[in-house]
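Following: one structure in structure tokens, then a few remarks.
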Amino acid sequence: MIRDVGGSYRKAIVETVHHYSGQRPSPESIDALKAEGCWNNDWEASLELLRRQGQQDLPAFEALVEVFNSFYFGGDPEGDPAAWAGFIRNEPLLVDPAFFAALSAADVAWGFVSGAEPPSARFVLETRLGLRQPPLIAMGEAPDKPDPSGFLRLAGSLAAATVPVAYLGDTVADVTTVVRARQERPAQRFISLAVAPPHLQNSPRRGAYEEQLRAAGADAVIANTTAVLAALEQTIA
């Protein structure tokens, strides 16, 4: 988890649902949906929330995607990021370039499996963080999590099958991705590290959310992304 999407992707879910139904889903209802582990795609999550609200005339998926992206990007997703005026501008970074330098200095190979659209992921990684051609598998480049295909492909490109591979995520789908990777590649060690998302960091609901991550199979729940090196030392030792 490298950015806070509470005011961007999650807000786009809220406003997309409101656009069609006149109702804004609560943060708790979005968390509950995500906890089911199969709604990592925010377009599909928005449609499912409309369905659960009892919406009779559900929008066509392609139309919903356009509405969602109008909120999130506020411009052409494939266009110049400088022209974007949407919620993507409201994403505080949770790490800095020094974080990745520290991982490399510790001989930890790193990369990204993201549910974000490629333009969004590249904008954060390359433009905002200044990473040069970071290993990335984004939306559309592999099946959506919790299908482990993208994670396994990235793992294979970063490490030999004898090397432990850890994945850090903040949803049940992220944890389940690692659990399924173990099932498909049992000879390799896969470690699930999990963290509560920023909107829950100071919430009384944080403990319950972290328990959901553990129940899904997380090997360790850490305080924040920057604690990942210490967690790796503990889990791999």
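Residue numbers (the working numbering): 10 to 246.
Think of the CB as a built atom: it goes at the ideal place given N, C-alpha and C, for glycine as much as any other residue.
- In the structure shown, F80 adopts helical secondary structure according to DSSP, grouped into three states.
- Within the model, the alpha-carbon separation for S79 versus W93 is close to 10 angstroms.
- When beta bridges are read from the DSSP output, G178 appears opposite A203.
- The Cβ-Cβ distance between Y176 and S158 does not fall below 9 angstroms.
- The Cβ atoms of T185 and A225 lie closer than 9 angstroms to each other.
- The beta carbons of L102 and I11 sit about 7 angstroms from each other, so the pair counts as a contact at 8 angstroms.
- A straight line joining the alpha-carbon of P155 with that of T180 spans about 10 angstroms.
- By the C-beta density criterion, S123 is buried, having at least 16 other C-beta atoms within 10 angstroms.
- Ranking I231, F82, P207 by CA distance to the CA of V14 puts P207 first.
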